Amino acid sequence: MTVRSHRIPPTTPGAVPLRRALRDWQAAVVRLDAVDPVTTELVRLRCASHHDCRT
Amino acid sequence: MRVPVLDEASGVASALADNHAAALAAVEPRLLEIARLRIAQLLGHLDELSCRTPGPAGPVLEEDTVTALSSWPSSDRFDDRDRAVLAFVEQYVLDVATVTDEQIATLVEHLGASGVSDLVHGVLVVEQRMRLTLAWQRLGLEATA
């Protein structure tokens, strides 16, 4: 996997309501339990790898 | 058919709707509209293609601009800023991992870092929402988001 450098500073301010809404949506998705935890984690890590997301 | 995981109790459906509304509020309407319609063209999302985001005095985009959208690299209805956004959007939809440093640098020149941050968040929301509704439609599920 190629790890890229930051293209904009991580501390760049953005629209707070949008970031909050995105966070709330992701939290709601994580709370779903219809898919088993191992499959969920595999998908999450695969997506994180492809998106170079280190959080 | 209902989508059980999106029952209101899960909070996902309402969170997705809130997310979409926040994206519409945070990103300049013209830019998000050309992004939304180009994504719809690339994904073949007919419902999204058939609707227009309203502005204060009619649709955000003139219909001639919508018609020219697929020829944005050469059409004079799009300026350099539009083209920077559309180049990014196309690469994002085709393979997000291949968005280049140069594409982001060009966006920063036009929008500033905060503008790019909001645009990327907005495009993410619009694109994921479209992919979700397409997947639900293919599965014969009710697309409610």
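If you read the protein sequences in the order shown, they are chains Y and R. In terms of our numbering, the first sequence is residues 52 to 106. In terms of our numbering, the second sequence is residues 58 to 202. A virtual CB, placed ideally from N, CA and C, is assigned to each residue, including glycine. Please read these numbers as outputs of a predicted model, since none were measured by experiment.
Beta-carbon proximity check, residue i vs residue j, cutoff 9 Å
i, j, result
"R:D139", "R:I96", "no"
"R:S132", "R:A141", "no"
"R:V182", "Y:L73", "yes"
"R:A144", "R:T163", "yes"
"R:L99", "R:L89", "no"
"R:A79", "Y:A85", "no"
"R:G172", "R:E105", "no"
"R:H178", "R:A83", "yes"
"R:L103", "R:R109", "no"
"R:G101", "Y:A79", "no"
"R:D75", "Y:D103", "no"
"Y:P60", "R:A170", "yes"
Partner residues on chain R for residue i, Cβ-Cβ distance less than 7 Å
i, result
"Y:P88", "Chain R residues near Y:P88: none, gap ~15 Å exceeds 7 Å."
"Y:T63", "A170, S171, S174"
Residue i, buried or exposed, once every other Cβ within 10 Å from all chains shown has been counted against 16
i, result
"Y:V94", "exposed"
"Y:A99", "exposed"
"R:R186", "buried"
"Y:V89", "exposed"
"R:R93", "buried"
"R:L168", "buried"
"R:Q160", "buried"
"Y:S56", "exposed"
"R:S128", "exposed"
"Y:V81", "exposed"
"Y:L69", "buried"
"R:T190", "buried"
Chain Y contact residues for residue i, given Cβ-Cβ distances below 8 Å
i, result
"R:V180", "None at all; the shortest Cβ gap to chain Y is about 11 Å."
"R:V150", "The premise fails here: R:V150 is roughly 14 Å from chain Y at the closest Cβ pair, so nothing lies under 8 Å."
8 Å Cβ cut-off: residues of chain R touching residue i
i, result
"Y:L73", "N76, A79, H178, L181, V182"
Contact list for residue i against chain Y, beta-carbon separation under 7 Å
i, result
"R:D104", "By Cβ distance, chain Y contributes nothing, its closest Cβ being about 21 Å from R:D104, past 7 Å."
"R:L73", "W76"
Inset, instruction - Any chance you could list the alpha helix (DSSP H) runs of at least 4 consecutive residues sitting entirely within the segment 133-201 of chain R, in chain order? - result: Within the segment 133-201 of chain R, the complete alpha helix (DSSP H) runs of at least 4 residues are 137-151, 158-195.
Inset, instruction - Could you name the residues of the segment 126-144 of chain R whose beta carbon sits closer than 9 Å to any beta carbon of chain Y, in the order they occur along the chain? - result: Against chain Y - using a Cβ distance shorter than 9 Å - the segment 126-144 of chain R contributes no residues.
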